[in-house]
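Below: the structure, in structure tokens.
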Amino acid sequence: MNIQVRTMAEMLAANESPEILFWVGCAGSFDDRAKKITKALVKILNQCKVNFAILGTEESCSGDPAKRAGNEFTFQMQALMNIEILNGYAVKKIVTACPHCFNSLKNEYPGLGGNYEVIHHTQLIQDLIYSGKLTLADNGTFKGKKITFHDPCYLGRANDVYEAPRELILKLDAELVEMKRCKANGLCCGAGGAQMFKEAEKGSKEINIERTEDALQTNAQIIATGCPFCNTMMTDGIKHAQKESTIHVMDIAELIANAADL
Amino acid sequence: MHQLIFGVLALLSTGFFAFNLYKIAQNIHLGLPLNRSDQKAKRWKTMLLVALGQKKMFNRPIAALLHLTIYAAFVITQIELIEIFIDGLSGSHRYFQHSLGAFYTFTISFIEILSILAFIGTLAFLARRNMLKLPRLNMKELAGWPTKDANLILIMEIVLIACIFTMNGADEAALKLHSNLSNDFLISKSIGPLLFGGIDNLNTLHILEQVGWWGHIIMVFAFMNYLPYSKHLHIFFAFPNTYYSKLEPKGQIENMPSVTNEVKLMLDPNADPYSTPTNDAPAARFGAKDITDLTWKSLMDAYSCTECGRCTSVCPANITGKLLSPRKIMMDTRDRMAELGNYKRKNGKESQDGKSLLGDYISKEELWACTTCNACVQECPINIDPLSIIIDLRRFLVMEEANIPSELTGMLTNIENNGAPWQFASNERMNWSKEE
Ligand code: SF4
Ligand code: SF4
Chain X
67 MNIQVRTMAE
77 MLAANESPEI
87 LFWVGCAGSF
97 DDRAKKITKA
107 LVKILNQCKV
117 NFAILGTEES
127 CSGDPAKRAG
137 NEFTFQMQAL
147 MNIEILNGYA
157 VKKIVTACPH
167 CFNSLKNEYP
177 GLGGNYEVIH
187 HTQLIQDLIY
197 SGKLTLADNG
207 TFKGKKITFH
217 DPCYLGRAND
227 VYEAPRELIL
237 KLDAELVEMK
247 RCKANGLCCG
257 AGGAQMFKEA
267 EKGSKEINIE
277 RTEDALQTNA
287 QIIATGCPFC
297 NTMMTDGIKH
307 AQKESTIHVM
317 DIAELIANAA
327 DL
Chain H
21 MHQLIFGVLA
31 LLSTGFFAFN
41 LYKIAQNIHL
51 GLPLNRSDQK
61 AKRWKTMLLV
71 ALGQKKMFNR
81 PIAALLHLTI
91 YAAFVITQIE
101 LIEIFIDGLS
111 GSHRYFQHSL
121 GAFYTFTISF
131 IEILSILAFI
141 GTLAFLARRN
151 MLKLPRLNMK
161 ELAGWPTKDA
171 NLILIMEIVL
181 IACIFTMNGA
191 DEAALKLHSN
201 LSNDFLISKS
211 IGPLLFGGID
221 NLNTLHILEQ
231 VGWWGHIIMV
241 FAFMNYLPYS
251 KHLHIFFAFP
261 NTYYSKLEPK
271 GQIENMPSVT
281 NEVKLMLDPN
291 ADPYSTPTND
301 APAARFGAKD
311 ITDLTWKSLM
321 DAYSCTECGR
331 CTSVCPANIT
341 GKLLSPRKIM
351 MDTRDRMAEL
361 GNYKRKNGKE
371 SQDGKSLLGD
381 YISKEELWAC
391 TTCNACVQEC
401 PINIDPLSII
411 IDLRRFLVME
421 EANIPSELTG
431 MLTNIENNGA
441 PWQFASNERM
451 NWSKEE
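Protein chains in written order, with our numbering: chain X, 67 to 328; chain H, 21 to 456.
Here you go:
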């Protein structure tokens, strides 16, 4: 299936306006693994005929890693530039598959003049299913599979979204198995706070390996996440444990797209 | 004579306590302003649930129950203190016993039950700390004074309870010996004769009762004055500290207004680059180097911390052997605050001792290990926020000193040059939509 994406600029030129903006994020735009998540989400949006647009080349880093690294200047520069563009297009509602963008846009942009309704893609997919726009094919893709969900810190603890991704997993006719540290007690994958972009400090273990062990203990065949950075960290952890042939790390959007035969 | 000694002792210890509290308030005022006076209803609710209701303690049910016994005994025994004060000042004996009758018997019995429970709780806490060696209570940042402090408090607790039962028990035994009557207090009714039944000298029993009475009140005074030097201060600060909790989503980090001004100026083509600032106040520092650059709430957090280490036990950095421990961040902040506060009281408000929280107490290795995951904030039973201190210190490292791991410099340059943390051209941002 070919994906259909339009930019805000194209829409404006055609005198149209989308009901929602899909904020792709840097990982979703550039990281090879995360691009697959982006496309899975677009397939779902296309399937449900959601009237959406992206900023395309006008999008820029939300500034999250800069802020968490302590560089408030770079963060606010990015935020103010993004806000100018978003406000220029009179954007009201934003969906994103990156919890870091989600958190910045939702919580930190309002104070700088950017007020939008921001939702995580798992919340949007949940809405699509509830409203009957998306139905999952009865193809048994995940029947009898064990799936565990790794809570991204910036979705869970940071913003108290725990249920949307879990409800989607339950829709898959799969068995949801929880790790011993889950939800508010979930352990970080190790990527947050700009750690993604640097070597870890000296220690006895990598955080993603510690977290992958939690996941392995559940005997799940699929580790589901809702964050491109968690995805990278958990994928690396699984490789380190040499389990990549039996255990897969997947985003909720990919699981749903599979189950909907997209 | 007794009354006089009691009066002087009461006056001295409350006075000294008030003086110490004043110093603590002064130290907290060394922090920067922060407005937390909004959303009063929500704040009260948070305080009632988290501090009074100890909601977050119950994530670890056994510790929560043990803690609850001591907490309940502590709060309820304060009622008895009213009578002790009246007896102490007027020379009466059990001032309320006659007027309150059965209710008095009930109240004291209730206190006795709680005291027994607290006694068990305290012993269990001592055992857990010193015999079971619970990892989070035996980490290196607790070596020395913090460990002694914790044990001392527990031992004081035990002495205090022993005094209560010596007092009530000897009283009971004396009453029985003298007129074969009983106070009918639930526990001392049996403990009294058991411990002191063998003594058939009224005078001795009377002295024992006095020893218990004085011991009790002296322990209370001592405890009160020990608090300001101890992690045990949380019994007071838990309340204001939860009241002034951050109510925004945990992921939200405040946008620094001082930066907003500068960035707006940079982005606004109409701003006059040669305009000079109208006020000649020294430019604010970006981020925190010392406790005077932290907000008063971070400082109150530090006084509230009870060094339980729950935060550290869930910190991904600490779990994987990194130097960072959120508990240590709080302990360091408090120690530095006490140090600087004392220095400034001696040498004047504007004086500087040449030391700072960053560097002398907290190293950048600790700071750079944080993933900003908020696990510590989530876990703290009294809503302390170590992460906000970590971010403030990082901000100073980065914005004032450009002291930052080189990979992060690369990431920041990429964001500034091409709008992404990696080296990809911004005009390639949409390529994914055309790739197969
Ligand atoms: S926010 Fe930082 S200090 Fe707190 S638990 Fe996470 S990594 Fe540790
Ligand atoms: S910050 Fe909170 S959780 Fe951590 S040691 Fe202090 S009181 Fe305990």
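All residues carry an ideal CB built from backbone N, CA and C; glycine is no exception.
Query - N-terminal and C-terminal residue of the alpha helix (DSSP H) that Glu124 of chain X is part of - result: Premise fails: Glu124 of chain X is in no alpha helix (DSSP H) and is neither H nor E.
Requested in this report: Starting from the beta carbon of Val283 of chain H, find every residue of chain X whose beta carbon is closer than 8 Å, and list them in chain order.
Outcome: Phe139, Gln142, Met143, Leu146
Query raised in the report: In chain B, which residues lie less than 8 Å from Gln398 of chain H when you measure between Cβ atoms?
Result: Of the protein chains in the structure, X and H, none is chain B.
Query raised in the report: Under a Cβ-count criterion, where at least 16 other Cβ atoms within 10 Å of its own Cβ denotes burial, should Thr291 of chain X be classed as buried or exposed?
Result: buried
Query raised in the report: Using Cβ-Cβ distances below 9 Å, what residues of the stretch 67-86 of chain H are close to chain X?
Result: Asn79
Requested in this report: Output, in sequence order along the chain, the residues in the stretch 409-427 of chain H whose CB is closer than 9 Å to any CB in chain X.
Outcome: Ile410, Ile411, Asp412, Leu413, Arg414, Arg415, Phe416, Leu417, Val418, Met419, Ile424, Pro425, Ser426, Glu427
**Report entry** Buried or exposed (CB count within 10 angstroms, at least 16 for buried), Ile25 of chain H
**Finding:** exposed
Query raised in the report: If you draw a straight line from the C-alpha of Ile318 of chain X to the C-alpha of Phe215 of chain X, how long is it?
Result: 9 Å
Requested in this report: Indicate whether at least one CB of chain X lies closer than 9 Å to the CB of Asp300 of chain H.
Outcome: Only weak support is given to the placement of Asp300 of chain H: the predicted model assigns it a pLDDT of 45, under 50, and the value that follows is read from those uncertain coordinates. False, the Cβ-Cβ gap to chain X never drops below 9 Å.
Query raised in the report: Would you call the stretch 205-223 of chain H and the stretch 178-196 of chain H in contact, with 3 or more CB pairs under 8 Å?
Result: yes
Requested in this report: Can you have a look at Ser376 of chain H and say buried or exposed, based on whether 16 or more other CB atoms are within 10 angstroms of its CB?
Outcome: buried
Query raised in the report: What residue range is occupied by the uninterrupted alpha helix (DSSP H) comprising Ile131 of chain H?
Result: 122-150
Report task. Give the residues of chain H in contact with Pro131 of chain X, contact being defined as C-beta atoms less than 7 Å apart. Result -> Met431, Pro441
Requested in this report: Indicate whether at least one CB of chain X lies closer than 9 Å to the CB of Ala30 of chain H.
Outcome: no
**Report entry** Coil, strand or helix - Ile382 of chain H by DSSP
**Finding:** strand
Report task. Look up Thr214 of chain X in the DSSP assignment and give the residues it is bridged to. Result -> X:Ile289
Query raised in the report: When every heavy atom of ligand 2 is checked, does at least one fall within less than 8 Å of the C-beta of His252 of chain H?
Result: no
Query raised in the report: By Cβ distance below 8 Å, which residues in the same chain neighbour Thr97 of chain H in space, the five residues on each side in sequence not counted?
Result: Ile131, Leu134, Ser135, Ile184
Query raised in the report: Gln261 of chain X touches chain H at which residues, Cβ-Cβ below 7 Å?
Result: Thr391
Query - Three CB pairs or more closer than 8 Å across the stretch 107-117 of chain X and the stretch 390-404 of chain H - result: no
**Report entry** Same chain, Cβ closer than 6 Å to Arg414 of chain H, neighbours up to 5 away in sequence not counted
**Finding:** Leu387
Query raised in the report: How about Phe96 of chain X: is its C-beta nearer than 9 Å to some C-beta of chain H?
Result: yes
Query raised in the report: What do you reckon, is the C-beta of Cys127 of chain X under 8 Å from a heavy atom of ligand 1?
Result: no
Query raised in the report: Could you give the C-beta distance for Ala145 of chain X and Tyr175 of chain X, rounded to a whole number, given that I count them as a contact under 8 Å?
Result: 6 Å
Query raised in the report: List, in order along the chain, the chain H residues whose C-beta lies closer than 8 Å to that of Ala135 of chain X?
Result: Arg414, Val418, Ile424, Leu428, Met431, Leu432
Query - Outcome for Phe168 of chain X when other beta-carbon atoms lying within 10 angstroms are tallied against a minimum of 16 - result: buried
Query raised in the report: So which of X:Leu78, X:Val71, X:Phe139, X:Cys92 has the shortest CA-CA distance to Glu274 of chain H?
Result: X:Phe139
Query raised in the report: Checking contacts by CB at 9 Å: is Lys341 of chain H closer than that to chain X?
Result: Inspection of the sequence shows that residue 341 of chain H is occupied by Gly rather than by Lys. Chain X contact via Cβ: present.
Query raised in the report: So His186 of chain X is in the beta strand (DSSP E); what residue range does that whole segment cover?
Result: 183-186
Requested in this report: Name, please, each residue of chain H whose Cβ falls closer than 9 Å to the Cβ of Tyr220 of chain X.
Outcome: Gly271, Thr392, Cys393, Asn394
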